[in-house]
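Chains A and B are the protein sequences, given in the same order.
The first sequence begins at 0 in numbering that gives the first Met the number 0 and counts up one residue at a time.
The second sequence begins at 0 in numbering that gives the first Met the number 0 and counts up one residue at a time.
Don't be surprised by glycine CBs; every beta carbon is placed ideally from N, CA and C.
Number of protein chains: 2
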Amino acid sequence: MRVLKAMEQTNFLPNAMARNLAKNKSYLLGVMIPDVKNTVLDDLINGINHVSELYGYNTMLSLTSGMLENELHYFKKFREIQADGIILASEYLKEDLVENIKQTNIPCILVGRDRSDTIPSVHIDNITAAYEAVTYLIQQGHRKIGMLRLRNEDIASGYQRYQGYAKALTEAGITINRDWVIECGVSVEDGMIAMRRICAATDIPTAIFCATDRIAIGAMNYLFERGLSVPSDVSIYGFDGIDMSSIIRPKLSTVKYSAREIGMTAARNLIKLIKGETMTPRHWVLPHYLENRESVRLLK
Amino acid sequence: MRVLKAMEQTNFLPNAMARNLAKNKSYLLGVMIPDVKNTVLDDLINGINHVSELYGYNTMLSLTSGMLENELHYFKKFREIQADGIILASEYLKEDLVENIKQTNIPCILVGRDRSDTIPSVHIDNITAAYEAVTYLIQQGHRKIGMLRLRNEDIASGYQRYQGYAKALTEAGITINRDWVIECGVSVEDGMIAMRRICAATDIPTAIFCATDRIAIGAMNYLFERGLSVPSDVSIYGFDGIDMSSIIRPKLSTVKYSAREIGMTAARNLIKLIKGETMTPRHWVLPHYLENRESVRLLK
DNA sequence: CAAATCTAGGAAAACGCTTTCCTTAATTTA
DNA sequence: TAAATTAAGGAAAGCGTTTTCCTAGATTTG
Chain A
0 MRVLKAMEQT NFLPNAMARN LAKNKSYLLG VMIPDVKNTV LDDLINGINH
50 VSELYGYNTM LSLTSGMLEN ELHYFKKFRE IQADGIILAS EYLKEDLVEN
100 IKQTNIPCIL VGRDRSDTIP SVHIDNITAA YEAVTYLIQQ GHRKIGMLRL
150 RNEDIASGYQ RYQGYAKALT EAGITINRDW VIECGVSVED GMIAMRRICA
200 ATDIPTAIFC ATDRIAIGAM NYLFERGLSV PSDVSIYGFD GIDMSSIIRP
250 KLSTVKYSAR EIGMTAARNL IKLIKGETMT PRHWVLPHYL ENRESVRLLK
Chain B
0 MRVLKAMEQT NFLPNAMARN LAKNKSYLLG VMIPDVKNTV LDDLINGINH
50 VSELYGYNTM LSLTSGMLEN ELHYFKKFRE IQADGIILAS EYLKEDLVEN
100 IKQTNIPCIL VGRDRSDTIP SVHIDNITAA YEAVTYLIQQ GHRKIGMLRL
150 RNEDIASGYQ RYQGYAKALT EAGITINRDW VIECGVSVED GMIAMRRICA
200 ATDIPTAIFC ATDRIAIGAM NYLFERGLSV PSDVSIYGFD GIDMSSIIRP
250 KLSTVKYSAR EIGMTAARNL IKLIKGETMT PRHWVLPHYL ENRESVRLLK
């Protein structure tokens with residue numbers, strides 16, 4: 000008792016390593032994301048950090064570049080360092096990792112996608128969101144609608160956004176023109192390249208739905224360089240609602256949602272899981288909405 | 000010996016906490032940055048992570064919002080968790096923290112700024128860079144040159160960039176017009192607001208040097224909304240060379256440097272320090288260069 | 001072949017805490 | 001006041017490693 004007092008008065012700092020070893024608890028949350036740079040993930044991190052800090056947890060960030068080998072590597076590292084739980088933003092989610100997770104049964108939450116099985120998750124409804132965006136395009140009178148989709152079908156959100164696109168077209172009785180759906184990387188430059196491919200065709204679409212805002216910005220950029228105008232010549236629809244989307248001209252119409260909220264929800268529930276509480280629902284799907292701005296034209 | 004073999008064959012994972020306690024070494028690098036979102040810091044993180052991974056270190060990222068109390072808080076946390084070293088990107092660097100660092104003599108590297116005393120650092124020469132940019136503006140025929148500078152003089156890089164601006168003007172025999180140097184936050188919106196203040200004057204400058212690209216983008220955005228054209232009506236010069244600077248139209252002229260390189264250099268040298276090797280030089284100043292693009296007009 | 005050298009493996013101590021157990025002192029109860 | 005209950009502080013064990021030290025056996029040397 001008075002020993003404790005004395006400790007406080009001296010500037011005594013407990014050794015967290017020793018404490019964690021004794022308590023068999025690390026107060027560490029592992030966070031795996033593909034990259035800090037390219038997407039909406041900075042908001043995600045912000046959200047995660049915010050609530051983990053609130054609950055006295057530390058976070059350890061690992062950048063996987065989306066590669067399975069890195070994911071496996073860091074998963075092992077997190078276990079070595081006795082992380083209490085893991086938040087996993089994995090676009091490509093290979094069975095190897097899933098197996099690892101199931102076997103070790105370390106608390107783990109999937110973020111940005113859903114496997115609708117044993118691994119809990121928090122994400123948005125990409126299919127519906129994309130469906131709504133493309134339906135909006137159709138309502139504005141567009142029928143020649145292309146898509147700049149993500150390259151790999153393994154990328155869950157990318158594929159789901161394509162599914163939503165396809166569903167909207169199909170429902171409207173429009174057949175998909177294969178020349179207008181282009182696979183594309185995640186950078187702005189990739190968007191430019193993909194847009195060029197679309198423009199190479201004789202018949203070009205009046206509207207393009209893009210899998211991400213960065214791609215959309217790249218596409219707009221290419222159109223500008225080519226002397227085509229958005230939205231007069233081509234309408235563009237983005238996805239993610241990054242802050243640049245409202246800065247560029249014309250302002251980009253896009254699907255918005257809060258990555259920060261996703262991060263906060265994930266961290267909150269991961270900590271629940273760690274404490275042995277139950278997480279309900281096991282799969283959170285957070286809201287999205289259409290932010291319709293200037294990059295889409297009404298076709299009479 | 001054969002016990003070790005057996006351990007390897009079973010999928011045995013050593014407990015890093017126990018190892019670290021025994022070895023009195025954590026293989027953890029603490030990283031403090033103001034924010035992931037707002038600047039060039041994502042590249043920094045990338046660089047740091049890259050080399051720390053190379054050397055078998057883990058990094059722990061803390062977001063300080065640039066606030067002293069948070070910096071102090073995380074500094075303490077890093078010590079508790081026995082971090083082997085700390086990389087500190089602190090814009091406002093208060094004496095409190097400096098004292099802490101000196102007293103604990105935990106290996107620590109300052110990033111993005113310089114205190115030219117006991118704490119080693121890696122950064123760029125902000126004064127010279129700003130001087131060169133503004134001199135370029137002058138060479139292009141501008142004499143009415145404003146600046147959107149950062150709000151707080153405590154922000155080292157911000158203040159240094161202002162110093163460079165002032166030096167260039169003074170050398171050219173131009174007196175600084177107080178109405179044209181506006182203090183400004185770090186977001187794109189802040190840039191818009193600051194630009195509006197400049198435009199409120201009767202006489203507006205022909206060129207604006209901005210402390211960061213984000214501010215510059217905000218300024219351009221405001222000018223666009225106001226129906227003024229860049230660079231015909233106002234020339235804009237940015238700082239940082241973020242990727243968006245080459246995407247927006249007109250392409251932004253800006254001071255470029257590699258934040259990733261800064262991060263890598265910092266991590267490399269921190270690890271040296273940890274190993275007890277000497278760091279030479281104690282203060283690295285990394286290169287910058289002018290990326291002159293479209294946002295500056297030649298005044299006849 | 002005996003003595004000296006080397007080697008491998010086991011035992012024990014240490015890292016700095018938490019937790020459990022025990023002793024002694026303080027407080028309460030009849 | 002003696003017995004019973006409570007409180008508080010000290011001692012010891014344990015967490016899973018590394019490191020140091022020691023012993024018994026194998027190998028080399030004269």
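Would you kindly check if the distance between the Cβ of residue j and the Cβ of residue i is under 9 Å?
i: A:Y164; j: A:F208; result: yes
i: A:H49; j: A:M263; result: yes
i: A:C198; j: A:L222; result: yes
i: B:D212; j: B:L251; result: yes
i: A:L289; j: A:V254; result: yes
i: B:S61; j: B:M31; result: yes
i: B:S294; j: B:V229; result: yes
i: B:R177; j: B:I126; result: no
i: A:D232; j: A:I214; result: no
i: B:L92; j: B:R114; result: yes
i: A:M59; j: B:N57; result: yes
i: A:I123; j: A:H287; result: yes
i: A:A171; j: A:Y256; result: no
i: A:A265; j: A:I47; result: yes
i: B:A218; j: B:M194; result: yes
i: A:E90; j: A:R112; result: yes
Tell me, to the nearest whole angstrom, how far the beta carbon of residue i is from that of residue j; I am working on the premise that it is less than 8 Å.
i: B:F74; j: B:L96; result: 7 Å
i: B:Q139; j: B:L298; result: 6 Å
i: A:M16; j: B:I270; result: Not a contact, Cβ separation roughly 19 Å.
i: B:R259; j: B:N14; result: Going by Cβ atoms, the distance from B:R259 to B:N14 rounds to 33 Å, so no, they are not a contact pair.
i: A:I216; j: A:R196; result: With 8 Å as the limit, A:I216 and A:R196 do not qualify as a contact, their Cβ atoms being about 17 Å apart.
Note down the Cα distance separating residue i from residue j, rounded to an integer number of angstroms.
i: A:M10; j: B:A88; result: Looking at the sequence shown, residue 10 of chain A is not Met but Asn. Answer to the nearest angstrom: the Cα atoms are 25 Å apart.
i: B:L40; j: B:G237; result: 16 Å
i: B:A155; j: A:V110; result: 37 Å
i: A:V121; j: A:H282; result: 6 Å
i: A:V284; j: A:I241; result: 19 Å
i: B:N291; j: B:V133; result: 12 Å
i: B:I273; j: B:C107; result: 9 Å
i: A:A82; j: A:I247; result: 41 Å
i: A:G145; j: A:A210; result: 11 Å
i: B:H141; j: B:A167; result: 12 Å
i: A:K22; j: A:G55; result: 15 Å
i: B:P33; j: A:N220; result: 31 Å
i: A:L12; j: A:S245; result: 47 Å
i: A:S234; j: A:E131; result: 16 Å
i: A:E70; j: A:V185; result: 19 Å
i: B:P204; j: B:T169; result: 16 Å
i: B:H72; j: B:I85; result: 13 Å
i: A:E224; j: A:G275; result: 56 Å
i: A:F77; j: B:E68; result: 29 Å
Let's test the definition: count the other Cβ atoms within 10 Å of the Cβ of residue i and tell me whether it reaches 16, buried, or not, exposed.
i: A:M191; result: buried
i: B:K24; result: exposed
i: A:T174; result: exposed
i: A:T117; result: exposed
i: B:L136; result: buried
i: A:N19; result: buried
i: B:N104; result: exposed
i: A:P280; result: exposed
i: A:L147; result: buried
i: B:T63; result: buried
Quick one: is the Cβ of residue i within less than 8 Å of any heavy atom of the ligand ATP?
i: B:N99; result: Inclusion of the ligand ATP in the displayed structure is not the case, the ligand content being empty and no account of it being possible.
Ends of the alpha helix (DSSP H) at residue i?
i: A:E188; result: V187 to C198
i: A:S51; result: L40 to L53
i: A:L272; result: A258 to I273
i: B:V284; result: Looking at the DSSP string, B:V284 is not in any alpha helix (DSSP H); the run it does join, the beta strand (DSSP E), is H282 to L285.
i: A:G217; result: D212 to E224
i: B:E293; result: Looking at the DSSP string, B:E293 is not in any alpha helix (DSSP H), and its letter there is neither H nor E.
The beta strand (DSSP E) spanning residue i covers which residue range?
i: B:S61; result: N57 to L62
i: B:F11; result: Per DSSP, B:F11 belongs to no beta strand (DSSP E) and is neither H nor E.
i: A:D239; result: S234 to D239
i: A:S120; result: S120 to I123
i: B:Y158; result: It is not in any beta strand (DSSP E) - B:Y158 instead sits in the alpha helix (DSSP H) that spans A155 to E170.
i: B:I86; result: G84 to L87
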